[in-house]
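Chemist:
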Amino acid sequence: MKRPEPAASVSAAARRQVMVVAAAREIHDGEVVFVGMRLPLLGFALARALHAPHAVGLFENGVIRDTPPVAPLITMGDPPNIAGALACTTLIDVMSHLECGRVDVGFLGGAEVDRFGNLNTTWVEDEGRRIRLPGSGGAADIASLARRTVIAMPHERRRFPERVGYLTSPGYGTGGRWRHEVGLVRGGPARVITSLAILGFDGESREMVLESVHPGVTVEEVRAHTGWNLRVSPALRTTPEPSAEELAALRQFDPQGLWTG
Amino acid sequence: MKRPEPAASVSAAARRQVMVVAAAREIHDGEVVFVGMRLPLLGFALARALHAPHAVGLFENGVIRDTPPVAPLITMGDPPNIAGALACTTLIDVMSHLECGRVDVGFLGGAEVDRFGNLNTTWVEDEGRRIRLPGSGGAADIASLARRTVIAMPHERRRFPERVGYLTSPGYGTGGRWRHEVGLVRGGPARVITSLAILGFDGESREMVLESVHPGVTVEEVRAHTGWNLRVSPALRTTPEPSAEELAALRQFDPQGLWTG
Amino acid sequence: MAKVMTLTEAVARHVRDGMTVAMGTGLESCIPFAAGHEIIRQGRRDLTLVGPISDILFDQLIGAGCVSRVVAAWVGNVGAGIAYSFRRAVEEGIPRRIDVEDHSNLTVALALEAGARGVPYLPSRTALGSDLIRDHPRLREVLCPFTGARLLAVGALRPDVTILHVQRCDAEGDAHLWGNLGVSLEAARAARTVLVTCEEIVESDVIRSDPNRTLVPGFLVGAVEAVPFGSHPSPTQGYVNRDDRFYEEYHAETRTREGFLGWLDRMVLTTSGHEGYLGRLGEARLERLRPRAPRPAAPANYGL
Amino acid sequence: MAKVMTLTEAVARHVRDGMTVAMGTGLESCIPFAAGHEIIRQGRRDLTLVGPISDILFDQLIGAGCVSRVVAAWVGNVGAGIAYSFRRAVEEGIPRRIDVEDHSNLTVALALEAGARGVPYLPSRTALGSDLIRDHPRLREVLCPFTGARLLAVGALRPDVTILHVQRCDAEGDAHLWGNLGVSLEAARAARTVLVTCEEIVESDVIRSDPNRTLVPGFLVGAVEAVPFGSHPSPTQGYVNRDDRFYEEYHAETRTREGFLGWLDRMVLTTSGHEGYLGRLGEARLERLRPRAPRPAAPANYGL
Numbered sequence: 163m164k165r166p167e168p169a170a171s172v173s174a175a176a177r178r179q180v181m182v183v184a185a186a187r188e189i190h191d192g193e194v195v196f197v198g199m200r201l202p203l204l205g206f207a208l209a210r211a212l213h214a215p216h217a218v219g220l221f222e223n224g225v226i227r228d229t230p231p232v233a234p235l236i237t238m239g240d241p242p243n244i245a246g247a248l249a250c251t252t253l254i255d256v257m258s259h260l261e262c263g264r265v266d267v268g269f270l271g272g273a274e275v276d277r278f279g280n281l282n283t284t285w286v287e288d289e290g291r292r293i294r295l296p297g298s299g300g301a302a303d304i305a306s307l308a309r310r311t312v313i314a315m316p317h318e319r320r321r322f323p324e325r326v327g328y329l330t331s332p333g334y335g336t337g338g339r340w341r342h343e344v345g346l347v348r349g350g351p352a353r354v355i356t357s358l359a360i361l362g363f364d365g366e367s368r369e370m371v372l373e374s375v376h377p378g379v380t381v382e383e384v385r386a387h388t389g390w391n392l393r394v395s396p397a398l399r400t401t402p403e404p405s406a407e408e409l410a411a412l413r414q415f416d417p418q419g420l421w422t423g
Numbered sequence: 163m164k165r166p167e168p169a170a171s172v173s174a175a176a177r178r179q180v181m182v183v184a185a186a187r188e189i190h191d192g193e194v195v196f197v198g199m200r201l202p203l204l205g206f207a208l209a210r211a212l213h214a215p216h217a218v219g220l221f222e223n224g225v226i227r228d229t230p231p232v233a234p235l236i237t238m239g240d241p242p243n244i245a246g247a248l249a250c251t252t253l254i255d256v257m258s259h260l261e262c263g264r265v266d267v268g269f270l271g272g273a274e275v276d277r278f279g280n281l282n283t284t285w286v287e288d289e290g291r292r293i294r295l296p297g298s299g300g301a302a303d304i305a306s307l308a309r310r311t312v313i314a315m316p317h318e319r320r321r322f323p324e325r326v327g328y329l330t331s332p333g334y335g336t337g338g339r340w341r342h343e344v345g346l347v348r349g350g351p352a353r354v355i356t357s358l359a360i361l362g363f364d365g366e367s368r369e370m371v372l373e374s375v376h377p378g379v380t381v382e383e384v385r386a387h388t389g390w391n392l393r394v395s396p397a398l399r400t401t402p403e404p405s406a407e408e409l410a411a412l413r414q415f416d417p418q419g420l421w422t423g
Numbered sequence: 144m145a146k147v148m149t150l151t152e153a154v155a156r157h158v159r160d161g162m163t164v165a166m167g168t169g170l171e172s173c174i175p176f177a178a179g180h181e182i183i184r185q186g187r188r189d190l191t192l193v194g195p196i197s198d199i200l201f202d203q204l205i206g207a208g209c210v211s212r213v214v215a216a217w218v219g220n221v222g223a224g225i226a227y228s229f230r231r232a233v234e235e236g237i238p239r240r241i242d243v244e245d246h247s248n249l250t251v252a253l254a255l256e257a258g259a260r261g262v263p264y265l266p267s268r269t270a271l272g273s274d275l276i277r278d279h280p281r282l283r284e285v286l287c288p289f290t291g292a293r294l295l296a297v298g299a300l301r302p303d304v305t306i307l308h309v310q311r312c313d314a315e316g317d318a319h320l321w322g323n324l325g326v327s328l329e330a331a332r333a334a335r336t337v338l339v340t341c342e343e344i345v346e347s348d349v350i351r352s353d354p355n356r357t358l359v360p361g362f363l364v365g366a367v368e369a370v371p372f373g374s375h376p377s378p379t380q381g382y383v384n385r386d387d388r389f390y391e392e393y394h395a396e397t398r399t400r401e402g403f404l405g406w407l408d409r410m411v412l413t414t415s416g417h418e419g420y421l422g423r424l425g426e427a428r429l430e431r432l433r434p435r436a437p438r439p440a441a442p443a444n445y446g447l
Numbered sequence: 144m145a146k147v148m149t150l151t152e153a154v155a156r157h158v159r160d161g162m163t164v165a166m167g168t169g170l171e172s173c174i175p176f177a178a179g180h181e182i183i184r185q186g187r188r189d190l191t192l193v194g195p196i197s198d199i200l201f202d203q204l205i206g207a208g209c210v211s212r213v214v215a216a217w218v219g220n221v222g223a224g225i226a227y228s229f230r231r232a233v234e235e236g237i238p239r240r241i242d243v244e245d246h247s248n249l250t251v252a253l254a255l256e257a258g259a260r261g262v263p264y265l266p267s268r269t270a271l272g273s274d275l276i277r278d279h280p281r282l283r284e285v286l287c288p289f290t291g292a293r294l295l296a297v298g299a300l301r302p303d304v305t306i307l308h309v310q311r312c313d314a315e316g317d318a319h320l321w322g323n324l325g326v327s328l329e330a331a332r333a334a335r336t337v338l339v340t341c342e343e344i345v346e347s348d349v350i351r352s353d354p355n356r357t358l359v360p361g362f363l364v365g366a367v368e369a370v371p372f373g374s375h376p377s378p379t380q381g382y383v384n385r386d387d388r389f390y391e392e393y394h395a396e397t398r399t400r401e402g403f404l405g406w407l408d409r410m411v412l413t414t415s416g417h418e419g420y421l422g423r424l425g426e427a428r429l430e431r432l433r434p435r436a437p438r439p440a441a442p443a444n445y446g447l
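From first to last, the protein sequence lines are chains W, X, H and S. Here our numbering is used: the first residue of the first sequence is 163, the next is one more, and so on. Here our numbering is used: the first residue of the second sequence is 163, the next is one more, and so on. Here our numbering is used: the first residue of the third sequence is 144, the next is one more, and so on. Here our numbering is used: the first residue of the fourth sequence is 144, the next is one more, and so on.
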């Protein structure tokens, strides 16, 4: 089967801007955020600057900070993320806040996400060949222990299978009360932010539901790039364009356009 | 019953000097020592200066140091014990070294010690009245987890009952393989250093055995101040007097004679 | 969201009757005496106090009738041994009966650490065979799922509030603390909120210049108060030395209930806050407790 | 008892075939690359490597054939994603088959912490329901003895040796380390011995001036080596910034086995030690990695 091409009606840069802004909007004021690199890092900076001035960011390597890194960086352990941090401590220390239920929202990505928000970053198949990916890192921990998670992914059919080939980081498993049954005491994905759309999860069945399509994207495009019969919310809307204020902040925090250029 | 008077043939100061020197001799070069206040602190300083230059001291409040405090002090948390320390960390961190089996020797005291080296620092009876003492502190941990312990006590009959009224810190329990049976994986008291004598423990029965009497003290005195029929080693000896070198070091580390004056 | 407030306000807002309060977690330094005295002044009742080595602060709170339960490894006078108010309460129910949940230092530390980790218990091999663990509400013998070996399971403890005294802190509660740490970090992370008293409130930039010295991040902290000498008579490294004499005087004076009540009246009840307490001690005495010989930490560069 | 030695000597003495070696415990900084390269030069075999985020160091050791097993949460290229030598070994057995004990960051951290604590396991609620924990040699579902709740028991891991790169260290191994700490402290305390490479060996007085910055006490340490740029291409806060370009170049060059062997030959096998490696990079490149803007930690006084 030939894969559908990604929708090309809106520029890739504009799509990424929409994604970052959507990620920022998931962070509420005063929240404790488990931040990742790239998109969530930028989303966190945006949220702090615009609507969540008291949000605090935790990084799994042991960094706690509330301001953007003092210079561009590649990893959370780079000197610009340490300088000016509020605290530098251990992985277990920051992950204990996760396990205590103090982390409001954690950001995740992955090679595959399925109908119930489960993530795979361990093994995938590509044209019959098994490919070994780097593995969980902290993703399984964030997915298990945060109060809610937000998943950011390029929207491609091979990345949206009905069921992940390997469940690295638990979403809602097989749906319904699965998390409770396996012993997870809270959490699960609240949103999936993709290059095409924003998706949520049904409160009962825990199945993924299309909530919003990005400007210029159609429901059909989204469904064509999704590996199962995707449910669509009756209240489907179009993702609001980034505001002038949001775009200005984006330019401030990503002046070289590393992510959104 | 009238209690026997403590033996008075040797001055109290000289007795304390003998005790400190005996404690120092229990520390071997390169050992990791769980140090307490007063007598063990001085013993540790002496050992480092004389025969154990590579011994390292751990304090349960989180201090790791290899040199005497920079000034006299009352508690292990006092500024002279922090200044110049090798490391300042948490209680759990230093006690983890205990639990790992990295601590060669720990020093203990108590209100009561019994025939099998069990210690009580919680409840005692005095003429029919129950008296509440401060409690374990770290003693139960040191007694449970160090590779061996050394107990220092004034030798008084009321402090040497056949069986402690409350077992705060485990010695050899009821003797034999008791430690193994309750789940303790190592350790137990190696020596009891008192104001009158040095005592050890039988390798099989784990009963306390008189090994050495301090200069000027008789076996009868020791037995009179002990609450059970104390066994005496066939190799009984007299505790060697502190050497000139040891006395000089004592004067150096306790110039005001706070402990040994 | 403003966290900086007076000690009076902080205690009024964060310490309520019946709460579980961890304090004295530094073992023998940085004991938050000023906060404890304010709790006495505000007449809190039925508190559960949590701490390994409680210094004489627990003795004072017990004698003042604020306490119904103590979770501790050692309640005494670190300078002089016996804590008389503790003994009177346990032995004679004066001024009221208190329950004691006895621990070793490691078990109380692990109980707090389990709380801080968000797990229901942590295993250890300590105190097996000790009378301490008999019929204990929080300590239970279990078998290791891997080896079958006997272990002690230490149940989690989550204080309603942990009170710390530290060297310096910013207005958001990000706290720099140095010297021996005892169980302060575990107690802070285990608590529902943290009340920080500090020698000085500093600009956030001071804290951010050395993030490895931030041992309590502000998002755990509910209130911050500048309380110089707030650990007196215990020391705060680099700011205040131990007032050894105080421990001896307290020991002598509180041997009787009447003596204790006189002490309490003079030093706590009739002093209007911590400044009044310091006034009772007098300038000269406080001056003598100030460090004389600076010992600066070697420079550390966070540059890039 | 002398611990200061060359890296060649330290690896020869402390890293043996078949050992379990924890390295790269700082997550993405202070990765002990120089020590890893020396392990490759000395031709160690059948190592078990332990680390959460392994950076490209594990990839290099795997490609060089030193490794039979990896215990990790993530093996990749922190700058560019995929680690090709790791993939070749897992997918195709080139240059040899390796076993992978998959973890999350928290489970590998807790395994090391259990080792550091001297307990057979530690409980958590992480990764329940994940495929990670199926038929896992070190992860087991258990029930809480207090609440009956499901928990994950993480079995202890004790490396034979943990290798750390730090900013400064004295001749006895007392090490000052700052920046994010990852699982370095747990790995150091869990190990039978620790091998420390550092940017500079300093007088003991420097260490003692700030004992709260001593994160590894010397009694855990078996060998100390001064190895400036010993974490290159990863950063060491205040001493060396990240060499971003290196990760991209490595990614491009090692996509094929031939490419990797060329890289290995040029950068490791034919360089006589770390100075040779640095020589390959060239003065100008190293100079650009030196921090330009100092950011000194605020003073802290330990005086009395």
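Beta carbons are placed, not taken as given, at the ideal position from N, Cα and C, and that holds for glycine.
Alpha carbon to alpha carbon, how far is Leu212 of chain X from Thr401 of chain X?
Modeler: Approximately 18 Å between the Cα atoms of the pair.
Chemist: Give me the Cα-Cα distance between Ala247 of chain X and Ala330 of chain S, rounded to the nearest whole angstrom.
Modeler: Those two C-alpha atoms are separated by around 23 Å.
Chemist: Any idea what DSSP makes of His319 of chain H, helix, strand or coil?
Modeler: Reduced to three states, the DSSP call for His319 of chain H is strand.
Chemist: How would you write the range of the beta strand (DSSP E) that Glu430 of chain S sits in, first residue to last?
Modeler: Premise fails: Glu430 of chain S lies in the alpha helix (DSSP H), Glu426 to Leu432, not in any beta strand (DSSP E).
Chemist: At a CB-CB cut-off below 7 Å, which residues of chain H make contact with Ile226 of chain W?
Modeler: Simply Pro360.
Chemist: Thinking C-beta only, is Asn355 of chain H closer than 8 Å to Leu253 of chain X?
Modeler: No, Cβ-Cβ distance for Leu253 of chain X and Asn355 of chain H is not below 8 Å.
Chemist: Against Leu361 of chain X, what residues of chain S qualify as contacts under a CB-to-CB distance less than 8 Å, listed in chain order?
Modeler: None at all; the shortest Cβ gap to chain S is about 29 Å.
Chemist: Buried or exposed, going by whether 16 or more other CB atoms sit within 10 Å of the CB of Asn220 of chain S?
Modeler: With 16 or more other Cβ atoms within 10 Å, it is buried.
Chemist: For Ser374 of chain H, which option in X:Ser331, X:Asp240, X:Pro231 and X:Glu274 has the closest C-alpha, if you only look at C-alpha atoms?
Modeler: The option with the nearest alpha carbon to Ser374 of chain H is X:Asp240.
Chemist: What are the start and end residues of each continuous beta strand (DSSP E) run of 3 or more residues lying completely inside the stretch 217–277 of chain H, in chain order?
Modeler: Runs of the beta strand (DSSP E) inside the stretch 217–277 of chain H: 242–245 and 264–267.
Chemist: Are the C-beta of Asp303 of chain H and some C-beta of chain W separated by less than 8 Å?
Modeler: Taking Cβ atoms only, chain W never reaches closer than 8 Å to Asp303 of chain H, which makes this a no.
Chemist: Could you check which residue in S:Pro437, S:Asp408 and S:Ser211 has the C-alpha nearest to that of Leu190 of chain S?
Modeler: It is S:Ser211 whose Cα lies nearest to the Cα of Leu190 of chain S.
Chemist: Which residues share a DSSP beta bridge with Pro351 of chain X?
Modeler: Paired residue(s): X:Thr311.
Chemist: Between Gly325 of chain S and Thr168 of chain S, is the Cβ-Cβ spacing less than 8 Å?
Modeler: Yes, the pair counts as a contact, with Cβ atoms nearer than the cut-off.
Chemist: Candidates S:Glu346, S:Glu391 and S:Arg335: which alpha carbon is nearest Ala369 of chain S's?
Modeler: The option with the nearest alpha carbon to Ala369 of chain S is S:Glu346.
Chemist: By alpha-carbon positions, which one of H:Val411, H:Val297 and H:Ala223 ends up nearest to Ala177 of chain H?
Modeler: Checked all of H:Val411, H:Val297 and H:Ala223; the closest Cα to Ala177 of chain H is H:Val411.
Chemist: Grab me the residues of Glu324 of chain W's own chain with a C-beta within less than 8 Å of its C-beta, minus the 5 sequence neighbours each way, in chain order.
Modeler: Cβ within range, chain order: Asp276, Arg277, Gly389 and Trp390.
Chemist: Closer than 8 Å, CB to CB, is Asp317 of chain S near chain X or not?
Modeler: True, the Cβ-Cβ gap to chain X drops below 8 Å.
Chemist: Please report whether the beta-carbon of Val337 of chain H lies at a distance below 8 Å from any beta-carbon of chain W.
Modeler: Chain W contact via Cβ: absent.
Chemist: On a Cα-Cα basis, can you pick out the residue from S:Arg277, S:His308, S:Val337 and S:Arg230 that is closest to Arg292 of chain W?
Modeler: Per the Cα distances, S:Arg230.
Chemist: What residues from chain H crowd round Pro437 of chain S, counting only those whose CB sits closer than 7 Å?
Modeler: Residues of chain H passing the Cβ test: Asn444 and Gly446.
Chemist: DSSP state of Leu235 of chain X, grouped into three classes?
Modeler: Of the three classes helix, strand and coil, the one that applies to Leu235 of chain X here is coil, per DSSP.
Chemist: Quick check on the DSSP output: what are the complete alpha helix (DSSP H) runs of length 4 or more inside the stretch 162–204 of chain H, in order along the chain?
Modeler: List check, alpha helix (DSSP H) in window: 176–184.
Chemist: In the DSSP assignment, what residue or residues form a beta bridge with Trp285 of chain W?
Modeler: W:Arg294.
Chemist: Looking at C-alpha atoms only, which residue of X:Val312, X:Pro404, X:Ala175 and X:Glu287 is the closest neighbour of Val197 of chain X?
Modeler: Minimum Cα distance to Val197 of chain X is reached at X:Val312.
Chemist: Closest by CA to Phe322 of chain W, which one among W:Leu281, W:Pro231 and W:Val194?
Modeler: Closest by alpha carbon: W:Leu281.
Chemist: Can you name the start and end residues of the beta strand (DSSP E) that Glu343 of chain W belongs to?
Modeler: Element bounds for Glu343 of chain W: not the beta strand (DSSP E) but the alpha helix (DSSP H), Trp340 to Val344.
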